[in-house]
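Asker:
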Amino acid sequence: MPLSSRHLLGLQGVPKEDIELILDTAHTFREVLDRPIKKVPTLQGKTIVNLFYEDSTRTRISFELAEKRLSADTVNFSVSTSSVKKGESLKDTIKNVEAMKVDMIIIRHSAAGTPYYLTKICDSNIINAGDGIHEHPTQALLDLYSIKERFGKLKGLKVCIVGDISHSRVALSNIFGLKTMGVKVSVCGPATMIPKRIEELGVDVIYNIDEAIRENDILNVLRIQLERKAGEAFPSLREYAKYFGITKERLDKNGKNILILHPGPINRGVEISSEVADGSDQIILNQVTNGVAVRMAVLYLLGTLN
Amino acid sequence: MPLSSRHLLGLQGVPKEDIELILDTAHTFREVLDRPIKKVPTLQGKTIVNLFYEDSTRTRISFELAEKRLSADTVNFSVSTSSVKKGESLKDTIKNVEAMKVDMIIIRHSAAGTPYYLTKICDSNIINAGDGIHEHPTQALLDLYSIKERFGKLKGLKVCIVGDISHSRVALSNIFGLKTMGVKVSVCGPATMIPKRIEELGVDVIYNIDEAIRENDILNVLRIQLERKAGEAFPSLREYAKYFGITKERLDKNGKNILILHPGPINRGVEISSEVADGSDQIILNQVTNGVAVRMAVLYLLGTLN
Amino acid sequence: MPLSSRHLLGLQGVPKEDIELILDTAHTFREVLDRPIKKVPTLQGKTIVNLFYEDSTRTRISFELAEKRLSADTVNFSVSTSSVKKGESLKDTIKNVEAMKVDMIIIRHSAAGTPYYLTKICDSNIINAGDGIHEHPTQALLDLYSIKERFGKLKGLKVCIVGDISHSRVALSNIFGLKTMGVKVSVCGPATMIPKRIEELGVDVIYNIDEAIRENDILNVLRIQLERKAGEAFPSLREYAKYFGITKERLDKNGKNILILHPGPINRGVEISSEVADGSDQIILNQVTNGVAVRMAVLYLLGTLN
Chain A
106 MPLSSRHLLG
116 LQGVPKEDIE
126 LILDTAHTFR
136 EVLDRPIKKV
146 PTLQGKTIVN
156 LFYEDSTRTR
166 ISFELAEKRL
176 SADTVNFSVS
186 TSSVKKGESL
196 KDTIKNVEAM
206 KVDMIIIRHS
216 AAGTPYYLTK
226 ICDSNIINAG
236 DGIHEHPTQA
246 LLDLYSIKER
256 FGKLKGLKVC
266 IVGDISHSRV
276 ALSNIFGLKT
286 MGVKVSVCGP
296 ATMIPKRIEE
306 LGVDVIYNID
316 EAIRENDILN
326 VLRIQLERKA
336 GEAFPSLREY
346 AKYFGITKER
356 LDKNGKNILI
366 LHPGPINRGV
376 EISSEVADGS
386 DQIILNQVTN
396 GVAVRMAVLY
406 LLGTLN
Chain B
106 MPLSSRHLLG
116 LQGVPKEDIE
126 LILDTAHTFR
136 EVLDRPIKKV
146 PTLQGKTIVN
156 LFYEDSTRTR
166 ISFELAEKRL
176 SADTVNFSVS
186 TSSVKKGESL
196 KDTIKNVEAM
206 KVDMIIIRHS
216 AAGTPYYLTK
226 ICDSNIINAG
236 DGIHEHPTQA
246 LLDLYSIKER
256 FGKLKGLKVC
266 IVGDISHSRV
276 ALSNIFGLKT
286 MGVKVSVCGP
296 ATMIPKRIEE
306 LGVDVIYNID
316 EAIRENDILN
326 VLRIQLERKA
336 GEAFPSLREY
346 AKYFGITKER
356 LDKNGKNILI
366 LHPGPINRGV
376 EISSEVADGS
386 DQIILNQVTN
396 GVAVRMAVLY
406 LLGTLN
Chain C
106 MPLSSRHLLG
116 LQGVPKEDIE
126 LILDTAHTFR
136 EVLDRPIKKV
146 PTLQGKTIVN
156 LFYEDSTRTR
166 ISFELAEKRL
176 SADTVNFSVS
186 TSSVKKGESL
196 KDTIKNVEAM
206 KVDMIIIRHS
216 AAGTPYYLTK
226 ICDSNIINAG
236 DGIHEHPTQA
246 LLDLYSIKER
256 FGKLKGLKVC
266 IVGDISHSRV
276 ALSNIFGLKT
286 MGVKVSVCGP
296 ATMIPKRIEE
306 LGVDVIYNID
316 EAIRENDILN
326 VLRIQLERKA
336 GEAFPSLREY
346 AKYFGITKER
356 LDKNGKNILI
366 LHPGPINRGV
376 EISSEVADGS
386 DQIILNQVTN
396 GVAVRMAVLY
406 LLGTLN
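Just so you know, the sequences run in chain order A, B and C.
Take 106 as the starting number for the first sequence in this note's numbering and just add one per residue.
Take 106 as the starting number for the second sequence in this note's numbering and just add one per residue.
Take 106 as the starting number for the third sequence in this note's numbering and just add one per residue.
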């Protein structure tokens with residue numbers, strides 16, 4: 106049974122069967138990553154273009170490794186050395202890249218909706234690697250995979266997403282994916298960082314972090330995006346850390362083991378203390394490893410659909 | 106019958122037989138590009154270095170894809186992260202790169218004649234990817250290929266190149282290639298953009314764009330290179346667009362179907378209107394696709410010559 | 106007999122048997138580089154990450170070509186487009202990269218000791234591509250290889266390293282490697298550029314360049330690193346060139362053939378004249394070619410050790 110869509114734009118509206126298929130396929134590739142030879146010939150002769158209009162390390166390298174381990178040919182395109190400087194429109198750039206007979210385009214862009222727009226002008230499979238504050242579906246899929254890997258299931262678990270929910274594409278993709286899989290989802294953060302009417306997505310809002318810890322099985326701790334002036338939404342980093350930072354003391358005080366996820370990069374001492382970030386409750390580096398497997402699964406499923 | 110030269114520096118003086126061989130070979134590779142697996146093992150174990158001293162998207166990616174689809178190993182070198190910053194001379198940089206046992210060098214440089222200079226100091230095959238305002242032979246070859254693809258022939262056709270002829274390496278390479286293939290070539294643009302004595306190349310000069318449309322089968326519309334201060338050669342972009350811009354009205358007024366080529370990136374509303382750039386008379390994206398096939402042909406023919 | 110270490114951090118303390126094994130293995134790969142197909146499948150399915158925190162052309166490309174010719178998958182990481190900008194610590198960056206199931210990390214960093222630090226936090230094989238003013242072991246190994254290629258031996262030869270010894274990782278790695286192989290090593294340069302107590306490394310200090318020429322078989326002429334304000338250690342470049350620059354006149358005056366090495370990039374007319382840099386006594390470009398073979402050997406020996 107193939108995926109129900111040729112693209113991966115977000116997790117909103119993606120059926121449960123698709124998510125299960127991706128997670129099951131990722132499980133196979135996760136085993137490949139532990140082999141001495143971490144490579145399969147699946148996408149040999151296919152061309153994948155990584156179009157990153159925003160700087161990125163882990164997501165770009167994760168996709169690039171996933172592509173190479175599927176034996177695809179990859180081309181990286183970054184804005185800094187491109188004809189975007191010459192005033193070319195996004196549409197013309199994309200149409201030109203695709204005219205070179207590309208099979209898939211991985212796109213990261215600061216404008217929400219860019220991946221959707223690409224599906225209207227391209228024949229390639231489009232994979233969203235993060236569009237503005239909209240969605241980042243492969244991140245949410247790797248979060249789901251990592252939770253399922255630990256608990257053996259998703260359904261019935263309770264996840265709280267902590268941080269700047271308003272500006273987080275990771276949060277939104279997680280909410281869609283987790284809800285579809287039967288997870289009870291809540292969000293926690295300063296009132297200035299919680300979107301109005303988020304309850305309409307079927308999500309509880311918790312303003313107290315201690316309550317969030319006590320009532321959930323998993324915390325997905327978001328990065329405070331200092332480079333995007335997230336700091337403007339609260340008085341100081343110190344105040345954020347004091348009221349919402351996840352520390353060993355806070356976890357101990359609430360007397361409960363809770364699984365800690367974080368999409369990275371970490372601001373140590375801000376949203377998470379070093380002790381927790383490196384401690385036994387977190388699976389942050391597992392998430393990174395699983396990210397490659399999940400991306401291999403998505404590329405494989407879309408690439409062999411055509 | 107192999108090519109008569111080990112290098113592709115320009116189309117000046119390249120014999121008709123060589124151009125025909127490249128176009129015929131490109132035709133084979135153009136079919137490879139429509140296969141699910143767009144890859145052949147021809148240049149496996151060969152190393153090709155892309156030395157781009159000027160920013161580029163489409164030409165660099167086009168070469169890189171051509172190289173990868175021939176299974177060559179590729180290395181990209183861009184000036185911004187290189188020892189050029191440490192004051193190394195071009196000659197020393199090139200000699201060092203070549204000492205790493207490279208087979209071919211693709212060079213783009215702002216100084217006319219750089220590719221020729223490389224042939225004097227290197228053993229590698231040198232391919233010019235654009236040198237200053239001198240030549241850009243693979244662009245002209247893909248233009249020739251695209252015209253031949255549409256008309257089934259080249260000989261006897263009439264092509265007018267429109268725009269800033271004085272500063273265009275695309276124009277010069279087109280003139281040499283088209284003339285060799287028996288095409289009647291004219292140029293059209295403001296007097297300030299037409300080189301003196303261009304007639305000596307066997308080219309007609311037309312100052313009126315309507316006349317150019319009426320008297321030709323094909324227009325090759327050049328990009329007004331705003332980033333190179335091309336604007337200094339005429340009062341305003343609006344004035345250029347008014348007198349030389351290719352619009353639907355202008356084409357209709359002259360009551361004639363004419364094939365439109367453009368090397369890209371397009372300045373929509375300046376040298377070409379969006380209606381024409383996206384219309385049925387243009388083959389701009391075909392040119393991009395054919396560019397990969399033509400570059401595969403050149404790499405293949407030079408790479409298997411050694 | 107395998108190497109005695111999983112990493113190559115420097116040549117200090119590396120046993121003679123390891124160096125001999127690397128040089129012998131490099132000899133095999135040096136022959137591969139002269140074949141039409143310069144590629145072997147040895148590291149297929151292995152992933153190597155090139156983490157360059159300092160700009161580099163020749164070392165980065167040399168490693169990249171070595172990796173590709175061993176059929177490894179390679180990922181390049183440069184600081185300019187990375188999450189380092191987002192304030193991530195070196196440790197977190199490295200741990201994240203490694204979590205993507207990498208086999209080897211090539212690291213260049215301005216801080217001495219960074220490669221050693223990586224061995225404490227990583228499972229990957231770590232290869233030092235230059236750490237501050239500490240070591241640059243593959244450069245020294247290629248120097249050793251190049252000397253042995255010319256003389257058929259190392260033991261008993263006399264090498265003088267000329268230039269800014271105090272700030273040169275090339276000098277330090279050469280001293281360790283050469284001494285281990287039984288070479289008599291001296292250094293020559295302005296007193297301001299010779300570290301105090303360097304004699305404790307078993308090295309002679311010569312302040313007069315003519316004496317250095319007369320008493321040695323090989324000069325390894327270091328680059329005056331203008332970009333690192335090396336110029337502050339002496340009154341002017343002209344004065345440096347006058348007293349320590351290697352010129353044809355100076356070599357002739359001392360009436361002796363002497364082999365000239367230089368790690369590049371060259372400052373022509375400063376530490377070496379163009380006549381010498383391009384002359385018959387130097388093997389500067391041989392060093393570059395041998396560098397690829399030596400790096401292939403190191404990658405192969407470490408990569409098949411696991």
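Ideal Cβ positions, reconstructed from N, Cα and C, are used throughout, including at glycine.
(1) Scan the region 150-171 of chain B for residues whose Cβ lies nearer than 9 Å to a Cβ of chain C and list them as they occur along the chain.
(2) Between the alpha carbons of Val119 of chain C and Val288 of chain C, how many angstroms are there, rounded?
(3) Measure from the C-beta of Met209 of chain C to each C-beta in chain A and report whether the shortest distance is under 8 Å.
(4) What's the gap between the Cα of Leu249 of chain B and the Cα of Lys258 of chain B?
(5) In terms of alpha-carbon separation, which member of C:Ala216, C:Gly192, C:Tyr221 and C:Asp228 lies closest to Ala204 of chain C?
(6) Does DSSP put Phe256 of chain A in a helix, a strand or coil?
(7) Going by beta-carbon coordinates alone, are Phe349 of chain C and Glu376 of chain C separated by less than 8 Å?
(8) Are the beta-carbon atoms belonging to Asp322 of chain A and Ile266 of chain A less than 8 Å from one another?
(9) How about Val145 of chain B: is its C-beta nearer than 8 Å to some C-beta of chain C?
(10) Going by beta-carbon coordinates alone, are Ile115 of chain C and Ser278 of chain C separated by less than 8 Å?
(11) Can you tell me whether DSSP reads Thr243 of chain C as helix, strand or coil?
(12) Starting from Glu211 of chain B, follow the beta strand (DSSP E) in both directions and report where the run begins and ends.
(13) Just to make sure I have the definition right: I need the residues of chain C whose C-beta is within less than 7 Å of the C-beta of Asn230 of chain B. Which are they?
(14) According to DSSP, which residues form a beta bridge with Lys263 of chain C?
(15) Which class does Leu306 of chain C belong to by DSSP, given the choice of helix, strand or coil?
(16) Got a sec: is the Cβ-Cβ distance from Gly374 of chain A to anything in chain C below 8 Å?
(17) Could you please give the first and the last residue of the uninterrupted beta strand (DSSP E) stretch that includes Ser167 of chain B?
(18) Distance check for Ala217 of chain B and His239 of chain B, CA to CA, integer angstroms please.
(19) Kindly indicate if chain C contains any beta-carbon less than 8 Å away from that of Val381 of chain A.
(20) Assuming Ser379 of chain C is part of the alpha helix (DSSP H), what are its boundary residues?
(21) Using a C-beta to C-beta distance shorter than 9 Å, which residues of chain C count as neighbours of Gly192 of chain B?
(22) Alpha carbon to alpha carbon, how far is Leu404 of chain C from Lys206 of chain B?
(23) Go through its chain and collect everything with a Cβ distance to Ser183 of chain C's Cβ below 7 Å, but skip five positions before and after it.
(24) Over what stretch of residues does the alpha helix (DSSP H) that includes Asp315 of chain B continue unbroken?
(25) Name the chain A residues whose beta carbon is nearer than 7 Å to that of Met205 of chain C?
(26) Counting beta carbon pairs with one atom in the region 141-160 of chain B and one in the region 137-144 of chain C, are three or more of them shorter than 8 Å?
(27) For Asp269 of chain A, which residues in chain B fall below 8 Å Cβ to Cβ?
(28) At the 8 Å Cβ level, is Thr224 of chain A part of the contact set with chain B, yes or no?
(29) Within this structure, are the beta carbons of Ala234 of chain A and Thr243 of chain A separated by less than 8 Å?
(30) Compute the Euclidean distance between the alpha carbons of Asn155 of chain C and Val180 of chain C, then round it to the nearest angstrom.
(31) Which residue comes first and which comes last in the alpha helix (DSSP H) that contains Gly235 of chain C?
(32) So is Ile142 of chain A in contact with chain C if we call contact Cβ pairs under 8 Å?
(33) Determine which residues share a DSSP beta bridge with Gln117 of chain B and list them.
(34) Name the chain B residues whose beta carbon is nearer than 8 Å to that of Thr198 of chain A?
(35) Taking the alpha carbon of Ala402 of chain A as the reference point, which residue from A:Ser110, A:Arg135, A:Arg111 and A:Lys263 has its own alpha carbon closest?
(36) Give a yes or no on whether the minimum CB-CB distance between Leu175 of chain C and chain D is below 8 Å.
Answerer: Taking the definition as stated:
(1) Gly150, Lys151, Thr152 and Val154
(2) Numbered from 1 along the third sequence, position 14 holds the residue referred to as residue 119 of chain C. Numbered from 1 along the third sequence, position 183 holds the residue referred to as residue 288 of chain C. Rounded to the nearest angstrom, the two C-alpha atoms are 15 Å apart.
(3) What you label residue 209 of chain C is simply residue 104 of the third sequence in a count that begins at 1. No, no contact with chain A.
(4) One-based indexing of the second sequence puts residue 249 of chain B at position 144. One-based indexing of the second sequence puts residue 258 of chain B at position 153. If you take the alpha carbons of Leu249 of chain B and Lys258 of chain B, they lie about 10 Å apart.
(5) Taking the first residue of the third sequence as position 1, residue 204 of chain C is located at position 99. The candidate whose alpha carbon is nearest that of Ala204 of chain C is C:Asp228.
(6) For this step, residue 256 of chain A is matched to residue 151 along the first sequence. In this structure, Phe256 of chain A counts as helix in the three-state DSSP scheme.
(7) Numbered from its first residue, the third sequence carries residue 349 of chain C at position 244. Numbered from its first residue, the third sequence carries residue 376 of chain C at position 271. In contact: Phe349 of chain C and Glu376 of chain C (Cβ atoms closer than 8 Å).
(8) Here residue 322 of chain A refers to the residue found at position 217 of the first sequence. Here residue 266 of chain A refers to the residue found at position 161 of the first sequence. Contact: no.
(9) Residue numbering aside, residue 145 of chain B sits at position 40 when the second sequence is read from its first letter. Not an interface residue.
(10) Start at 1 with the first residue of the third sequence, and residue 115 of chain C comes out as number 10. Start at 1 with the first residue of the third sequence, and residue 278 of chain C comes out as number 173. It should be noted that the sequence gives Gly, not Ile, for residue 115 of chain C. Going by C-beta atoms, Gly115 of chain C is nearer than 8 Å to Ser278 of chain C.
(11) Looking up residue 243 of chain C in the third sequence gives position 138. Thr243 of chain C falls in the helix class under three-state DSSP.
(12) Taking the first residue of the second sequence as position 1, residue 211 of chain B is located at position 106. Position check: residue 211 of chain B holds Ile in this sequence, whereas Glu was assumed. Element bounds for Ile211 of chain B: Met209 to His214.
(13) On the second sequence, position 125 is the one that residue 230 of chain B refers to. By Cβ distance, chain C contributes nothing, its closest Cβ being about 13 Å from Asn230 of chain B, past 7 Å.
(14) As a working mapping, residue 263 of chain C is identified with position 158 in the third sequence. Under DSSP, Lys263 of chain C takes part in a beta bridge, and its partners are C:Lys289.
(15) The count along the third sequence starts at 1 and reaches residue 306 of chain C at position 201. Helix at Leu306 of chain C.
(16) Along the first sequence, read from residue 1 onward, the residue named residue 374 of chain A stands at position 269. No, no contact with chain C.
(17) Within the second sequence, the letter at position 62 stands for residue 167 of chain B. In this chain, Ser167 of chain B is not harboured by any beta strand (DSSP E); it is covered by the alpha helix (DSSP H) spanning Arg163 to Arg174.
(18) Taking the first residue of the second sequence as position 1, residue 239 of chain B is located at position 134. Taking the first residue of the second sequence as position 1, residue 217 of chain B is located at position 112. If I take the Cα positions, the gap works out to 5 Å.
(19) Numbered from 1 along the first sequence, position 276 holds the residue referred to as residue 381 of chain A. No, Val381 of chain A does not count as interfacial toward chain C.
(20) Indexing the third sequence from 1 puts residue 379 of chain C at position 274. Taken as a continuous stretch (DSSP letters only), the alpha helix (DSSP H) holding Ser379 of chain C covers Ser379 to Ala382.
(21) The count along the second sequence starts at 1 and reaches residue 192 of chain B at position 87. By Cβ distance, chain C contributes Leu331, Glu332, Pro370 and Asn372.
(22) One-based indexing of the third sequence puts residue 404 of chain C at position 299. One-based indexing of the second sequence puts residue 206 of chain B at position 101. If you take the alpha carbons of Leu404 of chain C and Lys206 of chain B, they lie about 18 Å apart.
(23) Sequence index remark: in the third sequence, residue 183 of chain C carries index 78 (1-based). Within the same chain, Phe157 come within 7 Å of Ser183 of chain C by CB-CB distance, once the 5 residues on both sides are set aside.
(24) The count along the second sequence starts at 1 and reaches residue 315 of chain B at position 210. Residue range Ile314 to Arg319 is occupied by the alpha helix (DSSP H) that includes Asp315 of chain B.
(25) As a first step, residue 205 of chain C must be located in the third sequence, where it is residue number 100. Those are Ile166, Ser167, Leu170, Val393, Thr394 and Val397, listed as they occur along chain A.
(26) yes
(27) Within the first sequence, the letter at position 164 stands for residue 269 of chain A. Per Cβ cutoff of 8 Å: no residues; Asp269 of chain A is ~33 Å from chain B at best.
(28) Numbered from its first residue, the first sequence carries residue 224 of chain A at position 119. Answer no: the Cβ-Cβ gap between Thr224 of chain A and chain B never drops below 8 Å.
(29) Stepping through the first sequence from its first residue, residue 234 of chain A is reached at position 129. Stepping through the first sequence from its first residue, residue 243 of chain A is reached at position 138. In this structure, Thr243 of chain A lies closer than 8 Å to Ala234 of chain A by Cβ.
(30) Taking the third sequence and counting its residues from 1, the one referred to as residue 155 of chain C is at position 50. Taking the third sequence and counting its residues from 1, the one referred to as residue 180 of chain C is at position 75. When rounded, the distance between both Cα atoms is 6 Å.
(31) One-based indexing of the third sequence puts residue 235 of chain C at position 130. Taken as a continuous stretch (DSSP letters only), Gly235 of chain C belongs to no alpha helix (DSSP H), being part of the beta strand (DSSP E) at Asn230 to Asp236.
(32) As a position in the first sequence, residue 142 of chain A is number 37, starting the count at 1. Taking Cβ atoms only, chain C reaches closer than 8 Å to Ile142 of chain A, which makes this a yes.
(33) Indexing the second sequence from 1 puts residue 117 of chain B at position 12. Looking at the DSSP assignment, Gln117 of chain B forms no beta bridge with any residue, so it has no partner.
(34) As a working mapping, residue 198 of chain A is identified with position 93 in the first sequence. Ordered by position in chain B, the residues that pass the 8 Å Cβ test against Thr198 of chain A are Thr162 and Pro370.
(35) Taking the first sequence and counting its residues from 1, the one referred to as residue 402 of chain A is at position 297. If we check each option's Cα against that of Ala402 of chain A, A:Arg135 comes out closest.
(36) Of the protein chains in this structure, namely A, B and C, none is chain D.
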